[in-house]
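Here the structure is laid out as structure tokens; the discussion comes afterwards.
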Amino acid sequence: MCGGCGGREATDWARGLHAGPAARAAVAAAATRLAGRRGLRAVARPGGWLVTTPTGGTVPCHQLTTLVGALRRAVGTPP
Numbered sequence: 087m088c089g090g091c092g093g094r095e096a097t098d099w100a101r102g103l104h105a106g107p108a109a110r111a112a113v114a115a116a117a118t119r120l121a122g123r124r125g126l127r128a129v130a131r132p133g134g135w136l137v138t139t140p141t142g143g144t145v146p147c148h149q150l151t152t153l154v155g156a157l158r159r160a161v162g163t164p165p
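Numbering (the numbering used here) for the sequence shown: 87 to 165.
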């Protein structure tokens, strides 16, 4: 197994909070609102989210912790 499908990742402590597409979409909407007017966008995708930066860079996030970390790095907040 290569792990390319994302099914072999470490346990996500918040999986129950974002287990379905609607929950991931709600998290993405909240993350985008919290990022403010910095040009960041989070969108739900199967198994997680995709964060897009103002320069067009993207960060795939499969866990809530990864999503928060990507947003913090993008706005310049230390982890």
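Cβ coordinates follow ideal geometry from the N, Cα and C atoms, glycine included.
All figures in this text were calculated on a predicted structure; none of them were measured in a lab.
What is the residue span of the alpha helix (DSSP H) that Ala-109 lies within?
Position 23 of the sequence shown, counted from the start, is the residue given in the question as residue 109. 107–120 is the extent of the alpha helix (DSSP H) around Ala-109.
Neighbour-count burial assignment, Ala-105, 16 or more Cβ in a 10 Å radius
As a first step, residue 105 is located in the sequence shown; it is residue number 19 there, counting from the start. Answer is exposed; the Cβ neighbour count stays below 16.
6 Å CB neighbourhood of Gly-134 in its chain, flanking five on each side removed:
Translated into positions along the sequence shown, residue 134 becomes position 48. So the qualifying residues of the chain are Cys-147, His-148.
Determine the DSSP secondary structure at Leu-136, reduced to helix, strand or coil.
Position 50 of the sequence shown, counted from the start, is the residue given in the question as residue 136. Here Leu-136 sits in strand by DSSP.
Could you give the distance in angstroms between the alpha-carbon of Gly-102 and the alpha-carbon of Arg-124?
Counting from 1 along the sequence shown, the entry for residue 102 is found at position 16. Counting from 1 along the sequence shown, the entry for residue 124 is found at position 38. Approximately 29 Å, taken between the alpha carbons.
Which same chain residues, not among the five before or five after Val-145, have their C-beta less than 6 Å away from its C-beta?
In the sequence shown, counting from the first residue as 1, residue 145 sits at position 59. Counting only Cβ-Cβ distances below 6 Å, and skipping sequence neighbours, we find Val-137, Ala-156.
Status (buried if at least 16 other CB within 10 Å, exposed otherwise) for Leu-120:
Locating residue 120 in the sequence shown gives position 34, counting from the first residue. So Leu-120 counts as exposed.
In angstroms, rounded to a whole number, what distance separates the CA positions of Ala-111 and Gly-162?
Here residue 111 refers to the residue found at position 25 of the sequence shown. Here residue 162 refers to the residue found at position 76 of the sequence shown. The straight-line gap from Cα to Cα measures roughly 24 Å.
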